[in-house]
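Chemist: In the numbering used here, the protein residues as written are 21 to 271.
Cβ coordinates follow ideal geometry from the N, Cα and C atoms, glycine included.
All of these numbers come straight from a predicted model, not from anything done at the bench.
1) Please identify the residue among 184, 53 and 103 whose C-alpha is closest to the C-alpha of residue 232.
2) Taking the alpha carbon of residue 159 as the reference point, which residue from 103, 258 and 218 has its own alpha carbon closest?
3) Sort out for me which residues DSSP pairs residue 218 with in a bridge.
4) When we look at the beta-carbon of residue 253 and count the other beta-carbons within 10 Å, is it buried (16 or more) or exposed?
5) For the beta strand (DSSP E) containing residue 156, list its first residue and its last residue.
6) Give the list of continuous beta strand (DSSP E) stretches no shorter than 3 residues that lie fully inside the segment 31-99.
7) On the CB-based measure, 16 or more other CB atoms within 10 Å of its CB, does residue 175 come out buried or exposed?
8) Just the C-alpha distance for residue 251 and residue 220, rounded to the nearest angstrom, thanks.
9) So, with DSSP's three-state summary, where would you put residue 142?
10) Identify which residue in 256, 142, 39 and 218 has its Cα closest to the Cα of residue 80.
11) Indicate the three-state DSSP secondary structure (helix, strand or coil) for residue 104 in the structure shown.
12) With 9 Å set as the bound, which would you pick, yes or no: does the beta-carbon of residue 143 sit closer than that to a beta-carbon of chain D?
13) Distance check for residue 40 and residue 62, CA to CA, integer angstroms please.
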């Protein structure tokens with residue numbers, strides 16, 4: 021099925037009805053959801069999120085089954101959050117319409133990710149491009165009509181930020197670059213006001229994080245030490261939920 025000609029940077033999941041949903045950038049710019057009507061995707065509905073230029077985006081399924089989409093609005097220089105009105109996303113709305121509601125100092129933002137903890141209150145992480153720091157927002161309610169914000173790391177941070185929820189219900193975040201290596205932040209409280217941090221040195225970037233069946237973090241990354249000086253795929257398996265110690269392998 022050709023859902024949206026000209027679309028790029030697709031990211032797929034299944035909604036609470038079991039049907040495929042693809043978040044993608046539209047041509048020439050903008051962001052939309054392609055929502056399949058059934059498991060075989062015999063029909064597709066395109067739900068436009070924004071027609072403005074988007075530089076980063078991510079999505080997650082809320083505890084009520086509705087889709088949340090986080091995106092960096094380049095035109096408004098802000099982080100925004102879209103929420104579907106129902107399971108099939110027949111409609112929806114951008115929650116934080118005020119450009120600076122989530123970001124007190126509007127600037128270009130990149131590397132955004134979103135996850136939903138057990139309490140149903142979405143958590144977001146992103147890089148503030150101008151300051152090069154790692155920022156965090158936690159919705160005060162599942163409807164996400166207000167946010168609490170933190171800076172988690174302020175020293176050339178936030179590159180390739182990725183987020184997952186641990187078995188304990190608390191966020192686990194990875195970020196970093198080829199020069200400074202991988203940095204891990206494990207929230208020790210729901211608000212992440214208490215947290216632990218670790219660094220894994222080495223030329224690493226482009227992270228993806230997930231929780232294994234045992235509840236321990238797994239991080240995939242691109243390493244700059246492959247055969248012939250090229251890049252290679254690496255995986256880090258942590259021995260406990262707090263990111264230390266770890267076992268790393270490249271291939």
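Modeler: The relevant details are as follows:
1) Working through the chain shown from its first residue, we reach residue 232 at position 212. With distances taken between Cα atoms, residue 232 lies closest to 184.
2) Looking up residue 159 in the chain shown gives position 139. Comparing C-alpha distances from residue 159 to each of 103, 258 and 218 shows the shortest one belongs to 103.
3) Within the chain shown, residue 218 is the residue found at index 198, counting from 1. Answer is 204.
4) Here residue 253 corresponds to residue number 233 of the chain shown, with the count starting at 1. With fewer than 16 other Cβ atoms within 10 Å, it is exposed.
5) Taking the chain shown and counting its residues from 1, the one referred to as residue 156 is at position 136. Looking at the DSSP string, the run of the beta strand (DSSP E) that includes residue 156 is 153-159.
6) Listed in chain order, the complete beta strand (DSSP E) runs (minimum 3 residues) inside the segment 31-99 are 40-45, 51-56, 64-70, 74-81 and 87-93.
7) Here residue 175 corresponds to residue number 155 of the chain shown, with the count starting at 1. Residue burial is scored here from C-beta neighbours: residue 175 has fewer than 16 other C-beta atoms within 10 angstroms and is therefore classed as exposed.
8) Numbered from its first residue, the chain shown carries residue 251 at position 231. Numbered from its first residue, the chain shown carries residue 220 at position 200. The alpha-carbon atoms of residue 251 and residue 220 are separated by roughly 17 Å.
9) Along the chain shown, one-based indexing puts residue 142 at 122. Coil, per DSSP.
10) Looking up residue 80 in the chain shown gives position 60. Answer by Cα proximity: 142.
11) Here residue 104 refers to the residue found at position 84 when the chain shown is read from its first residue. In the structure shown, residue 104 falls within a strand segment according to DSSP collapsed to helix, strand and coil.
12) Protein chains in the displayed structure number just one, and chain D is not present.
13) Counting from 1 along the chain shown, the entry for residue 62 is found at position 42. Counting from 1 along the chain shown, the entry for residue 40 is found at position 20. Answer to the nearest angstrom: the Cα atoms are 11 Å apart.
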